[in-house]
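Visitor: Listed in order, the protein sequences are those of chains C and Z.
First residue of the first sequence? That's 1 in the working numbering, and the numbers climb one at a time after it.
First residue of the second sequence? That's 113 in the working numbering, and the numbers climb one at a time after it.
Positions of the beta carbon are idealized from the N, C-alpha and C atoms, including for glycine.
One structure coming up, written as structure tokens, with questions to follow.
Protein chains: 2
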Amino acid sequence: MQRPFLHPPIETIKLESVLYALADPVRLEIIRRISAGGCPLNCSAAAPDNLPKSTQSHHYQILREAGLITSERRGTEVVNTLRCAEVEKRFPGVISAILSAAAVARKPECKS
Amino acid sequence: MQRPFLHPPIETIKLESVLYALADPVRLEIIRRISAGGCPLNCSAAAPDNLPKSTQSHHYQILREAGLITSERRGTEVVNTLRCAEVEKRFPGVISAILSAAAVARKPECKS
DNA sequence: TCCGTAGTTCAATATCATCGAACTATTGAG
DNA sequence: CTCAATAGTTCGATGATATTGAACTACGGA
């Protein structure tokens, strides 16, 4: 067993950390993909292709520590889930507005 | 005359840059203060006390380049104004949600 | 003209991000 | 059980960015 992932209690997460996590194009894209798919995604699926795995790991760690995702080991892979509802309750409107803006910024339409 | 400040056209500003600018505690506080006051503020007034001026300058530059404020020289001081309306039009809900969250995060109630 | 105020620029150091290489854990095949 | 493949993690080095003191610029007032 590897050392388990740590997920901060929702009431301890900081707005600055959430914004910081989402300020990176790669991380914003990860969150956007998980959100668009509507279901948990493993690390490789959510991250852009051709991105080194060590860099991916780093980004997932930051998203986790910011309180935006939970990560769970499922056999050989790690499944990541948005903590949307919790975050939305703590910082109302923040995530939803950012996700809408990110969706528009990408394409006129996306089957999402 | 010093070299004038550059303000990006609103349609060119990037969501990531906006989030990045607001992800820093100092910059978030600056924006919060200008917003709370409801009127333009000079650099020293909006930034936390005891922060070196060179650091302040740096933060204002980032806020400007992100498209969040306009800066204008008025005699010896620089007056900073939020571009809230424009930003809100470009990324609906983003700034307002973040400002609300920041206000709550600071104090139970703030006259804002 | 000289001084004080407000802010900028520069250069040095400290902090953080990226990525290849080596490693760990788990699953499935033989 | 052993071997190999898959999915991620950890480590170390390098490059980028933040912070800050010191020197500088610009303006307004005595």
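Answer with buried or exposed for L19 (chain C), where buried requires no fewer than 16 other C-beta atoms within 10 angstroms of its C-beta.
Guide: The residue you call residue 19 (chain C) lines up with position 19 of the first sequence. Buried, since its Cβ has 16 or more Cβ neighbours within 10 Å.
Visitor: Pick out whichever of Z:E141, Z:E200, Z:T182 and Z:N162 has its Cα sitting closest to the Cα of V216 (chain Z).
Guide: Locating residue 216 (chain Z) in the second sequence gives position 104, counting from the first residue. Answer by Cα proximity: Z:E141.
Visitor: Taking E200 (chain Z) as the reference, which of C:E88, C:C84 and C:I98 has the closest Cα?
Guide: In the second sequence, counting from the first residue as 1, residue 200 (chain Z) sits at position 88. Closest option to E200 (chain Z), Cα to Cα, is C:I98.
Visitor: Any heavy atom of the ligand GTP closer than 6 Å to the beta-carbon of S17 (chain C)?
Guide: The ligand GTP is absent from the structure shown, which contains no ligands of any kind.
Visitor: Give the interface partners of G205 (chain Z) over in chain C, defined as CB-CB distance under 9 Å, in chain order.
Guide: Your numbering for residue 205 (chain Z) matches position 93 in the second sequence. By Cβ distance, chain C contributes G93, V94, S96, A97, I98, S100 and A101.
Visitor: Should P137 (chain Z) be flagged as near chain C, meaning a C-beta pair shorter than 7 Å?
Guide: Taking the second sequence and counting its residues from 1, one reaches residue 137 (chain Z) at position 25. With 7 Å as the cut-off, P137 (chain Z) counts as an interface residue toward chain C.
Visitor: Using a Cβ-Cβ distance under 7 Å, would E177 (chain Z) count as near chain C?
Guide: Position 65 of the second sequence, counted from the first residue, corresponds to residue 177 (chain Z). No, no contact with chain C.
Visitor: Is L180 (chain Z) close to chain C, meaning its C-beta is less than 7 Å from at least one C-beta of that chain?
Guide: By 1-based counting over the second sequence, the position of residue 180 (chain Z) is 68. Taking Cβ atoms only, chain C never reaches closer than 7 Å to L180 (chain Z), which makes this a no.
Visitor: Determine the DSSP secondary structure at T188 (chain Z), reduced to helix, strand or coil.
Guide: For the purposes of this step, residue 188 (chain Z) is identified with residue 76 of the second sequence, where counting begins at 1. The answer is coil: DSSP assigns T188 (chain Z) none of H, G, I, E or B.
Visitor: When the Cα atoms are used, what is the spatial distance from F91 (chain C) to R144 (chain Z)?
Guide: Sequence index remark: in the first sequence, residue 91 (chain C) carries index 91 (1-based). Sequence index remark: in the second sequence, residue 144 (chain Z) carries index 32 (1-based). Each residue's Cα considered, the two are about 16 Å apart.
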